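Colleague:
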Amino acid sequence: MSRRLSQSHIYGWLLLMPAVIFLIAFTYYPTVATLAKSFFSQGTALKPAEFVGLENFQYMLEDDIFWKVARNNVVYAIGTIPISIALAILMAVWVNGRLPLKSLARMSYFTPTILPMIAVANIWLFFYTPDIGLLDQVSAKFGFAGHNWLGDPDTVLGCIIVITIWKEAGFFMIFYLAALQTLPPELEEAARIEGASRWYYFRRVMFPLLMPTTLFVLINAMINSFKLVDQLFILTKGGPDNASSLLLYYIYEVAFSFLDQAYASTLTVVLLVTLALIAIGQFVFLDKKVHYQ
Amino acid sequence: MFTKLKRATGQLALAAALGLGLTSAASAVELTMYYPVAVGGALTKIVDGLVADFEKENPDIKVNAIYAGNYNDARIKALAALKSGEPAQTSVMFSIDIYELIEQGAIIAFDDVVKTADEKKWLQSFYPALMENGKTQGKTWGIPFQRSTIVMYYNKDAFRAAGLDPESPPATWDEMVALGKKLTKKSGNTVDQWGAMIPSTGYPYWMFGALAMQNGQTLMNGEGNMTYFDAPATVEALQFWKDLGNKHGIMPSGTIEWGTLRQNFLEGRTAIMWHSTGNLTTVKKKAKFDFGVAMLPANKRRGTPTGGGNFYLFKKSSPEEQAASLKLIRFLTQPSRTAEWSMKTGYLGTRPDAYATPELKQYVKDFPPAAVARDQLEFATAELSTYQTGRVRKLLDDAIQSVLTGSKSPAEALGGAQKKADRLLKRYR
Amino acid sequence: MRPANQHQKFVVHLETAAAWLLAFLWILPLIYAFWSAFHPPEYATKFELFAPLSLENFREAWSQAPFARYFLNTFILVTTILIAQFILCTLAAYAFARFEFPGKSIAFALVLMQLMIMPEVLIVENYVTMSKLNLVDTITGIGLPYMASAFGIFLLRQTFKTIPKDLEDAAKVEGCSPLQILWKVYVPLARPTYVAYGLVSVSYHWNNFLWPLVITNSVNTRPMTVGLAIFGAPESGVDWSIITAGTLLAVAPLLVAFLLFQRQFVQSFMHAGIK
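Chains A, B and C, in that order, are what the protein sequence lines are. Position one of the first sequence corresponds to residue 6 (this note's numbering), numbered consecutively onward. Position one of the second sequence corresponds to residue 46 (this note's numbering), numbered consecutively onward. Position one of the third sequence corresponds to residue 294 (this note's numbering), numbered consecutively onward.
Right under this line is the structure:
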């Protein structure tokens with residue numbers, strides 16, 4: 006009995022080993038190394054790196070670009086997540102229902118997901134260009150003056166949020182579609198017989214049943230709100246005056262433009278901690294739902 | 046018997062040494078070179094052509110010319126290559142990267158590689174204004190290759206339509222405001238044609254360098270460790286830039302996008318644009334109207350920063366590679382090739398004798414705008430460059446954008462930028 | 294729910310209109326790209342219905358950047374990653390699904406953590422690692438951080454768990470080793486999961502940008518997304534017609550694949566989501 010068990014142990018670990026090696030090399034070791042590096046100064050050819058304790062973190066707290074970027078990320082998350090989820094549910098309901106030409110609609114909704122963000126950013130740049138861009142051309146027909154959408158610190162983040170919603174909603178729609186198709190149709194019939202309005206049905210029956218999907222999508226959306234910064238490279242490069250900069254973009258800038266890897270590591274630590282908190286939140290909530298054994 | 050053996054061994058050794066020497070001379074030197082393309086696509090073909098010509102003349106040198114994107118990309122790539130064990134031996138990078146590269150221990154001065162009298166003369170043969178960004182600590186670290194200045198493009202047809210003389214573009218700040226007002230056309234609430242546009246995304250610090258110089262102020266010193274962002278003349282220049290949009294109404298308020306500026310000019314959305322002379326060839330090809338090019342207007346004096354890329358030599362290279370790189374750079378900066386490069390791209394001819402070549406002479410005669418940037422060199426100054434240049438530049442960029450979008454006043458923004466720059470540069474003094 | 298009266302009919306029509314409007318808005322950027330790419334530059338911002346068509350932009354775009362090479366790089370990249378993922382994730386999922394060993398739940402928790410800490414977040418440190426391994430500017434270098442995919446492990450584990458044990462027992466009776474059981478029993482039965490995961494993975498890595506930007510330097514390794522970004526950002530300014538032409542060239546394979554295999558795409562993503 007014990008021999009069979011230990012054979013199972015050996016096999017188990019052997020099978021797991023390759024994946025574990027990769028995970029350690031490219032996820033866990035870098036995480037630890039990033040943390041370690043954030044306690045050292047940035048070395049140059051003339052002056053090697055030295056241990057400086059929490060000095061980098063102090064610099065970060067005094068760095069008003071960091072605070073701006075952090076605030077932007079929060080606004081970005083709040084702006085993109087609820088709206089894209091709401092739109093996703095709406096799209097799923099429509100596509101699942103009796104909409105004429107619904108497969109065309111579904112294709113429309115889902116197309117942004119398969120296009121690389123970097124490719125569509127250029128197109129959106131045209132949309133937002135003042136005066137000759139599409140948005141201004143359309144609004145001119147209604148008598149509005151042109152607006153510098155991407156150049157105005159008050160509107161630029163909103164513009165980026167719109168692009169992200171456009172890209173994400175279709176992706177989330179798919180998950181809701183899958184969930185909707187597992188809902189027994191009798192529920193809808195029963196509700197109608199009882200005389201319940203569609204809104205009541207949605208609020209009291211459908212939405213609660215979609216809760217697991219919503220939680221899954223929510224986690225995905227939160228991760229993406231930290232990860233999706235491709236459009237900044239084309240549209241604003243974080244400007245004007247960092248009004249559209251996001252944490253991951255700032256990390257890229259600091260690490261590869263300013264060549265300050267120590268400070269970039271410090272910023273990465275903040276990002277990692279935030280993601281870890283979200284992960285813990287996911288475990289606490291989703292553990293209640295029967296997905297993991 | 047021993048002497049015979051000794052002699053044989055000696056002969057063998059000699060033969061071996063000769064053999065080795067011969068093989069090392071016959072094996073080719075391989076060079077890797079990164080270069081940025083700053084004026085749109087087809088340039089890579091021109092560079093490939095030039096490199097092929099060089100390889101034909103120098104069969105023992107093989108060159109990998111790698112297109113790296115824009116200036117930022119080129120610097121990142123070249124430095125990354127250095128760290129990764131597949132270093133480049135030479136590259137074209139931003140002229141203002143010089144301090145960063147020195148601090149990273151990445152480059153060597155040309156003075157250390159140049160040996161013959163001919164080579165030394167070559168080192169001195171470029172326009173002094175263009176050499177400013179390449180010199181520090183008494184040595185030359187960068188050789189001009191694709192250099193530019195800002196010039197003023199203007200729509201002659203628009204001038205005529207506004208009742209202005211198309212051969213008299215504004216020569217002073219006041220004239221630009223006055224003419225700009227006449228050129229700004231509205232229909233109801235919308236502006237159909239702006240008087241002027243100066244871009245404030247992309248490289249706002251570069252445009253601002255012109256305004257500051259026109260107000261008699263440079264932005265930094267020659268050692269890379271001091272900036273003058275909060276000098277009164279600097280603050281004045283930024284106020285003027287802001288006023289163009291907010292007070293005089295000849296420019297859109299807020300920031301103006303670098304990338305779409307040329308399109309805006311070509312579509313007649315603005316009568317005047319400040320842009321790099323590197324755009325000249327494209328504007329010439331695509332403009333459907335009569336256009337002119339002029340020097341930037343003066344306030345206290347004329348002024349423009351130079352711009353563009355220099356050739357650098359990397360430290361991580363053998364003496365043979367350095368000699369080969371020098372050959373390549375000299376080849377590419379010969380007067381006739383400089384002339385060819387200038388005509389095909391719109392960049393400046395980097396040396397006076399390039400303009401003396403018959404091809405460029407004829408080209409300038411047929412197309413006078415090509416000479417504007419060259420003539421402006423007299424009033425040109427170095428582009429903003431210091432240690433920690435990326436960060437310092439960003440401080441100025443952010444300050445400019447915050448003023449143009451109305452978040453801060455010029456004094457406040459520039460004062461803050463200067464303070465932060467001082468903190469960064471203190472340790473280099 | 295059948296609309297029983299005029300009011301409800303009106304609401305239904307309103308909804309249909311709203312759904313179509315949204316669909317139109319959603320596809321608008323792509324429509325613009327087609328417009329701008331197929332018309333001469335003068336019409337990039339003018340929408341005249343009978344403007345002349347032109348293929349010149351595509352020719353220009355193709356000559357300005359080595360799209361063919363970029364395609365090849367992307368193709369090699371996604372294929373390499375996919376194959377590696379299949380191998381690594383299958384083995385790991387099998388271990389989690391069918392074996393008992395000490396530390397199993399901790400290991401699984403750590404794997405799940407990777408869902409949160411994606412390689413994009415660790416670009417600074419992973420770059421240093423690749424530098425030390427001499428893998429900067431190689432396609433392998435792009436792919437390595439993604440090869441052990443927590444998502445893949447998770448998905449396959451779920452699938453393996455649903456396969457009835459009797460099949461495994463039958464194979465054991467025939468004297469198969471665990472690896473043979475894996476190959477003969479589990480992998481074939483998990484085919485739908487492999488297809489679904491494959492499509493998701495290929496889509497993701499075809500469109501990935503930030504890490505490839507950081508790790509590649511030259512044309513020989515640059516995937517399509519990075520090539521597009523460089524292509525679209527010359528210092529002097531954008532030329533809409535050429536950029537949209539280039540963009541369409543770049544997304545054409547994905548678009549065509551999507552149009553042809555729309556249902557499979559959608560099903561795959563759905564399948565991947567139901568866990």
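The beta carbon of each residue, even a glycine, is placed where N, CA and C say it ideally should be. Values in this document were obtained by computation on a predicted structure and should not be read as measured data.
In terms of residues, what are the limits of the alpha helix (DSSP H) holding C:T309?
Modeller: C:T309 -> alpha helix (DSSP H) spans Q299 to F331.
Colleague: I need the DSSP call for B:Q169, collapsed to helix, strand or coil.
Modeller: Three-state DSSP puts B:Q169 in coil, outside helix and strand.
Colleague: Give the range of the alpha helix (DSSP H) segment to which C:S534 is assigned.
Modeller: Residues W533 to L553.
Colleague: What's the C-alpha gap between A:A145 and B:G233?
Modeller: Distance between the alpha carbons of A:A145 and B:G233: 11 Å.
Colleague: At what residues does the alpha helix (DSSP H) containing A:I128 begin and finish?
Modeller: Start and end: M122 to Y133.
Colleague: Which residues in the same chain have their Cβ closer than 7 Å to the Cβ of B:A174, if we skip the five residues on either side of it in sequence?
Modeller: If we look at B:A174 and ignore the five residues flanking it on each side, its Cβ neighbours are T351, L422 and A425.
Colleague: Have a look at B:G451, B:D443, B:L358 and B:A415 and flag the residue whose alpha-carbon is nearest the alpha-carbon of B:L127.
Modeller: Minimum Cα distance to B:L127 is reached at B:L358.
Colleague: Output needed in chain order: residues of the stretch 492-503 of chain C with a Cβ under 9 Å from some Cβ in chain A.
Modeller: So the list reads S496, W499, N500, N501, F502 and L503, given in the order they occur along the chain.
Colleague: First and last residue of the alpha helix (DSSP H) that includes B:T327?
Modeller: Taken as a continuous stretch (DSSP letters only), the alpha helix (DSSP H) holding B:T327 covers L325 to K331.
Colleague: Pull the bridge partners of B:L358 from the DSSP assignment, please.
Modeller: For B:L358, which the question treats as bridged, DSSP gives the partners B:T135 and B:I153.
Colleague: Cβ of B:G94 less than 9 Å from any chain C Cβ?
Modeller: Chain C, which has no Cβ nearer than 9 Å to the Cβ of B:G94, makes this no.
Colleague: DSSP state of C:M563, grouped into three classes?
Modeller: Helix at C:M563.
Colleague: Just tell me which of B:R205, B:P81, B:A119 and B:I152 has its CA closest to the CA of B:S362.
Modeller: Selected option, being the one with the closest Cα: B:I152.
Colleague: Name the chain C residues whose beta carbon is nearer than 9 Å to that of A:L192?
Modeller: Here the premise fails: no neighbours, minimum Cβ distance about 12 Å.
Colleague: Does the separation of the CB atoms of C:T537 and C:N298 fall below 9 Å?
Modeller: Cβ distance not < 9 Å, so C:T537 and C:N298 don't count as in contact.
Colleague: Do you know how far the Cα of B:R474 is from the Cα of B:F155?
Modeller: If I take the Cα positions, the gap works out to 24 Å.
Colleague: Quick one: complete alpha helix (DSSP H) runs, 4+ long, within the stretch 7-39 of chain A?
Modeller: Within the stretch 7-39 of chain A, the complete alpha helix (DSSP H) runs of at least 4 residues are 7-28.
Colleague: With 9 Å as the threshold, decide whether the Cβ of C:A358 is near any Cβ in chain A.
Modeller: With 9 Å as the cut-off, C:A358 does not count as an interface residue toward chain A.
Colleague: Would you mind telling me which residues of chain C sit closer than 8 Å to A:V234, beta carbon to beta carbon, in chain order?
Modeller: What A:V234 touches in chain C: L503.
Colleague: Considering only the alpha carbon of each residue, which of C:P359, C:S511, C:Y487 and C:F340 lies closest to C:F447?
Modeller: The shortest C-alpha separation from C:F447 is found at C:Y487.
Colleague: With 16 other CB atoms within 10 Å as the buried threshold, where does C:R450 fall?
Modeller: It counts as buried.
Colleague: At a CB-CB cut-off below 9 Å, which residues of chain C make contact with A:L251?
Modeller: Here the premise fails: no neighbours, minimum Cβ distance about 12 Å.
Colleague: Just to confirm, is the Cβ distance from C:I380 to C:G436 under 9 Å?
Modeller: No.
Colleague: Identify every run of the alpha helix (DSSP H) within the stretch 253-300 of chain B, keeping only runs that are complete inside it and at least 4 residues long; order them along the chain.
Modeller: Listed in chain order, the complete alpha helix (DSSP H) runs (minimum 4 residues) inside the stretch 253-300 of chain B are 277-291.
Colleague: Are the CB atoms of C:L415 and A:T32 within a distance shorter than 9 Å?
Modeller: For A:T32 and C:L415, yes; Cβs fall inside 9 Å.
Colleague: If I follow the unbroken beta strand (DSSP E) through C:Y479, where does it start and stop?
Modeller: That residue, C:Y479, is in no beta strand (DSSP E); it is neither H nor E in DSSP.
Colleague: Which one of C:P395, C:K454, C:R515 and C:K465 has the shortest CA to CA distance from C:I432?
Modeller: Out of C:P395, C:K454, C:R515 and C:K465, C:R515 has the C-alpha closest to the C-alpha of C:I432.
Colleague: Hey, how far is the Cα of A:M112 from the Cα of B:E131?
Modeller: One C-alpha to the other measures close to 46 Å.
Colleague: Alpha helix (DSSP H) containing A:E55: first to last residue?
Modeller: Element bounds for A:E55: n/a, residue is neither H nor E.
Colleague: Rounded to the nearest angstrom, how far is the Cβ of B:E302 from that of B:T246, given a contact under 8 Å?
Modeller: Confirmed, Cβ separation roughly 5 Å.
Colleague: Nearest chain A C-beta to B:T305 closer than 9 Å, yes or no?
Modeller: Cβ-Cβ to chain A under 9 Å: yes for B:T305.
Colleague: Between B:K122 and B:A113, what straight-line distance do the alpha-carbon atoms span, to the nearest angstrom?
Modeller: Using only the alpha carbons, I get a separation of about 7 Å.
Colleague: Please classify B:L65 as buried or exposed, where buried requires at least 16 other C-beta atoms within 10 Å of its C-beta.
Modeller: At B:L65 the pLDDT is 46, less than 50, meaning the model places this residue with poor confidence; the figure from the coordinates comes in the next sentence. With fewer than 16 other Cβ atoms within 10 Å, it is exposed.
Colleague: List, in chain order, every chain F residue whose beta-carbon is nearer than 8 Å to that of B:D118.
Modeller: Absence of chain F from the displayed structure is noted, the protein chains being A, B and C.
Colleague: Is the Cβ of B:E518 closer than 9 Å to any Cβ of chain C?
Modeller: There is simply no residue 518 of chain B to check, as chain B begins at 46 and stops at 474 in what is shown.
Colleague: Would you call the stretch 540-552 of chain C in contact with the stretch 114-122 of chain A, where contact means no fewer than 3 C-beta pairs closer than 8 Å?
Modeller: Output reads yes: the stretch 114-122 of chain A touches the stretch 540-552 of chain C.
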